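Taken in order, the sequence shown gives residues 181 to 691; the numbers are from the numbering used here.
C-beta: ideal position from N, C-alpha, C; glycine also.
Treat the numbers as computed from the prediction; the structure is a model and nothing was measured.
Each remark here refers to the structure printed beneath this line.
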Amino acid sequence: MNTDTLRAEVESFFEFKGESITLGVPVWNNEVLTGSFIKAPLKMFNRHGLIAGATGTGKTKTLQVLAEQLSQNGVSVLMMDIKGDLSGIAAAGNPHPKIDERMQQIGLPWQPKQFPVELYSLTGNDGTPIRATVSEFGPVLLSKILGLNDTQSGVVSLLFKYADENNLPLLDLEDFRKTLQYIGNEGKAEVTAAYGAISSATAGTILRKVIELEQQGATTFFGEPSFDVNDLCRFDDQGNGLISILRCTDIQHRPKFFSTLMLQLLAEIYDNFPEVGDTEKPELVLFIDEAHLVFEEASKPLLDSIESIIKLIRSKGIGVFFITQDPTDVPDKILGQLGMRIQHALRAFTAKDRKSIKLTAENFVPSAYFKTDELLTTLGTGQALVNILNEKGIPCPLMACQMVAPQSRMDILSPQEIAAQLSQSKMSAKYGQAVNRESAHEMLSKKIQEVAKPQEAKPVAQSTQRKSSQEKSTFEKVANSSAGRTIIREVTRGFLGVLGLGSSRRRKSLF
Ligand SMILES: Nc1ncnc2c1ncn2[C@@H]1O[C@H](COP(=O)(O)OP(=O)(O)O)[C@@H](O)[C@H]1O
Ligand SMILES: [Mg+2]
């Protein structure tokens, strides 16, 4: 066992037929093996991945490196930017002696490069606002965001059903609120006759939670124009894949919203992208930084749904990468779905840390060259243990890797640069302005007025425009697709119950 045998191992395992990206070179016994490149085949990016490591060990830079090289190879990327530190990828990197040193050790030239970037945000701050309508979100996920119990979720499902049957589009939270008020007041008799009684206390609780959600800044998020996920896959003139950055700083303290949003987005992507099977390279790769937020407060059904959709989405050519500090943050079932592992250093401060290091080390295939438990605490910044799948899906030997440096800026864009970016953006022109067309709120207000003046009564205008709440939410569609059905059976059973699907109107009280 010497550097020559290790070099020979790298050469025999990390040469692929199809396109690949270069992660770096091995570091063994404190020696950097210049020119022996550790690569990852593009073909395997739909097998998902994990980037883990303590704060400051190089996770975000690894994410940046992967995103850059995917883009360079014509793959589009979506990054969930929780801390707001990813925008620099839109600007060329600044030369630095440390970058030169790193790249010389690796044995590759360093060229500063900027990448095509689209900036999005949930509130419209520092990014084009991304929106979804209340009906696209659907009763199940909306109830989850609101943190409702089963009884309350039942009322939400009933509200959606009522809106469906009365052609009342539920677009924004105002529509939802108005409909909720209506079925509890003016429309109470009508609703009770059709579906059974709704407790005013329950309606009141839901209303309070909606107002809370609005106060937390969700007002911008719900409404039209709703985001078309097909806009994620685009290319510049040179064929670089677009990197979309969704700024989520506004919800970093709202893990429930974040995890639900993730699920909705994944469902939307799943529903819109065609089935492609295993292809030479992925269509889109998602990176979710600070992913512990997704799992922190997620309920079991939500976790099950995430697990299912991660499984299903592979055949659509979508890869999902989670970035988190401690790999044990990720539930085992989901961890088991992640083919590529890039593990930066962990810190051994507490007993819990040491336990997690032991667990993490045991999760790697034993290596003749690398002692995982020792390396986990001694890896340098921008170095990582990497576990890559070859093109047949078989793990390559574990390597301790000196990672290449990003070509784009390792710092964020200035406010001026962000403003300039947005002013040129086609997406900003498409989604920048909220549209408030006639929907449940206006229609019910009119109806109430007309009831007050019965002599002038006119039939309520029926909306035939675009999507009304009649259509099932993407999440429900996915959960009910044939592929979804077999895998999500357990989860949907609960949902179908809540939704009352299959049965027409329920005459008996739901509560
Ligand atoms: N691949 C790399 N190339 C160059 N510098 C790196 C690399 N990885 C990490 N660094 C250095 O380490 C710092 C911390 O890395 P970062 O990715 O922000 O850590 P984390 O996301 O794990 O907290 C960076 O600001 C950078 O100076
Ligand atoms: Mg980071």
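Residue i and residue j look like a contact to me (Cβ under 8 Å); what is the Cβ gap, rounded to whole Å?
i: T557; j: A528; result: 5 Å
i: E487; j: I522; result: That pair is no contact at about 21 Å.
i: K223; j: K461; result: 6 Å
i: S536; j: T508; result: 5 Å
i: C413; j: E463; result: 6 Å
i: K389; j: L326; result: 4 Å
i: F502; j: L518; result: 7 Å
i: V336; j: L328; result: 7 Å
i: N699; j: L578; result: Summary: the structure shown does not reach residue 699, with the chain confined to residues 181 through 691, and so no result is reported for it.
i: I378; j: L338; result: 7 Å
i: A548; j: M181; result: 6 Å
i: F407; j: I310; result: 5 Å
i: P595; j: G273; result: About 20 Å; that fails the 8 Å criterion.
i: E656; j: G264; result: The pair is not a contact, with the Cβ atoms about 32 Å apart (cut-off 8 Å).
Taking Cβ to Cβ, would you say residue i is nearer than 8 Å to residue j?
i: A702; j: L559; result: Outside the shown range of the chain, which is 181 to 691, sits residue 702, and nothing can be said about it.
i: F196; j: E618; result: no
i: L203; j: M607; result: no
i: S588; j: A271; result: yes
i: H472; j: Q505; result: yes
i: R227; j: R494; result: yes
i: A614; j: G364; result: no
i: D352; j: V320; result: no
i: V510; j: F550; result: no
i: K496; j: V456; result: yes
i: A234; j: L526; result: yes
i: L258; j: L466; result: yes
i: P221; j: G198; result: yes
i: L299; j: S256; result: no
i: K324; j: T440; result: yes
i: F194; j: S251; result: no
i: T654; j: D469; result: no
i: F401; j: A343; result: no
i: V205; j: S216; result: yes
i: I395; j: R434; result: First, the amino acid is wrong: residue 395 is Gln here, not Ile. Cβ atoms of Q395 and R434: not closer than 8 Å.
i: Q244; j: I269; result: yes
i: T242; j: L213; result: no
i: L302; j: D512; result: no
i: A232; j: H524; result: yes
i: M590; j: G229; result: no
Tell me, please, which residues DSSP counts as bridged to residue i.
i: W208; result: E211
i: Y375; result: According to DSSP, which records beta bridges pairwise, Y375 is partnered with nothing at all.
i: N567; result: R521
i: S488; result: None, per the DSSP bridge assignment.
i: R427; result: D261 and S301
i: Q582; result: V205 and Q563
i: G421; result: F415
i: E404; result: V615
i: S251; result: In DSSP, S251 forms no bridge with anything.
i: P309; result: S301
i: G229; result: F501 and M520
i: V465; result: V257 and G499
i: A471; result: Its beta-bridge partners do not exist; DSSP assigns none.
i: P296; result: Looking at the DSSP assignment, P296 forms no beta bridge with any residue, so it has no partner.
i: P221; result: S200
i: S588; result: A272
i: P575; result: L569
Tell me whether residue i counts as near ligand 3, meaning its Cβ is closer than 7 Å to at least one heavy atom of that ligand.
i: S216; result: Inclusion of ligand 3 in the displayed structure is not the case, the ligand content consisting of ligand 1 and ligand 2 alone.
Looking at chain B, is there any beta carbon in it that lies within less than 8 Å of the beta carbon of residue i?
i: I269; result: Annotation note: the requested chain B is absent from the structure, which comprises a single protein chain.
Practice task
Any chance you could list the residues with Cβ under 5 Å from a heavy atom of ligand 1, keeping chain order?
Solution key: Ordered along the chain, the selected set is T235, G236, T237, G238, K239, T240, K241, T561, G562, M583 and A585.
Problem - Touch test, the segment 359-372 against the segment 408-419, Cβ-Cβ under 8 Å, three pairs minimum - result: No, because fewer than three Cβ pairs between the segment 359-372 and the segment 408-419 fall closer than 8 Å, the two stretches do not touch.
Exercise for the section: Indicate whether the contact test is met: 3 or more Cβ pairs, each with one atom in the segment 188-201 and one in the segment 422-434, closer than 8 Å. Expected result: Contact check between the segment 188-201 and the segment 422-434: fewer than three CB pairs, one atom from each, fall below 8 Å, which does not count as touching.
Practice task
May I ask you to verify whether the segment 320-332 touches the segment 292-306, counting CB pairs closer than 8 Å and requiring at least 3?
Solution key: With a cut-off of 8 Å, the segment 292-306 and the segment 320-332 do not count as touching, because too few Cβ pairs lie within range.
Exercise for the section: Pair every Cβ in the segment 616-629 with every Cβ in the segment 450-461, then say whether three or more of these pairs are closer than 8 Å. Expected result: With a cut-off of 8 Å, the segment 450-461 and the segment 616-629 do not count as touching, because too few Cβ pairs lie within range.
Handout entry: contact_flag[the segment 561-573, the segment 599-615] where n(CB pairs < 8 Å) is 3 or more
Key = Contact between the segment 561-573 and the segment 599-615 is absent, because fewer than three Cβ pairs lie under 8 Å.
Practice task
Evaluate the contact criterion for the segment 374-387 versus the segment 351-361: three or more CB pairs, one atom per stretch, below 8 Å.
Solution key: Contact holds between the segment 374-387 and the segment 351-361, because three or more Cβ pairs, one in each stretch, are under 8 Å apart.
Exercise for the section: Kindly confirm or deny that the segment 282-292 and the segment 439-449 touch, where touching means at least three C-beta pairs closer than 8 Å. Expected result: No: the two stretches stay apart, fewer than three of their Cβ pairs being nearer than 8 Å.
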